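Peer 1: Residue numbers (my numbering): 4 to 167.
(1) My parser needs the alpha helix (DSSP H) runs of 4 or more residues fully inside the segment 63-122; what are they?
(2) Quick one, are the C-beta atoms of residue 65 and residue 50 less than 7 Å apart?
(3) Once DSSP output is grouped into helix, strand and coil, what is the label at residue 59?
(4) Name the residue from 119, 135 and 140 whose alpha carbon lies nearest to the alpha carbon of residue 129.
(5) Could you have a look at residue 148 and say whether DSSP puts it in helix, strand or coil?
(6) Do the segment 52-62 and the segment 89-96 touch if we need at least three Cβ pairs shorter than 8 Å?
Have a look at this one:
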């Protein structure tokens, strides 16, 4: 009888846990599977107009063709596609910079600020260290600073058990 009670309590406990797992959207297995199955996209990719994307696709196709067959004609097509793509990207970057460079002016010192920004070398921000951890990434540094500010601006415990 005691074993039956224990077994039924375990079954009830498991039923409660399964119900809790199904009711929590964050813990839902299907939700977790969907989230884990999504492809990761690079958010730092450059914007290129469609004609340059088509050139990239053509260059990749010719490279694959050359790597498959290893003949001189496909290597020539790949090299040609690569050079055309590089020229078009350079032309696109120049056209993107042209309005900004045309807008620079010596009277409002925007020309000097831009020149100074590109002339001076930026030093990398070093890692932040505490006795517990060393933070390298921006998110780790932000978390460390938040913890530091939270600790600095929390109220002090001024009660002394010996004097009270």
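C-beta: ideal position from N, C-alpha, C; glycine also.
Since the structure is predicted, the reported quantities are computational estimates derived from the model, not experimental observations.
Peer 2: With the structure as the only source:
(1) Fully enclosed alpha helix (DSSP H) runs of 4 or longer: 75-106 and 113-122.
(2) No, they are not a contact pair.
(3) DSSP places residue 59 in helix when its eight states are reduced to three.
(4) Nearest of 119, 135 and 140 to residue 129, Cα basis: 140.
(5) Helix.
(6) Segments in contact, yes.
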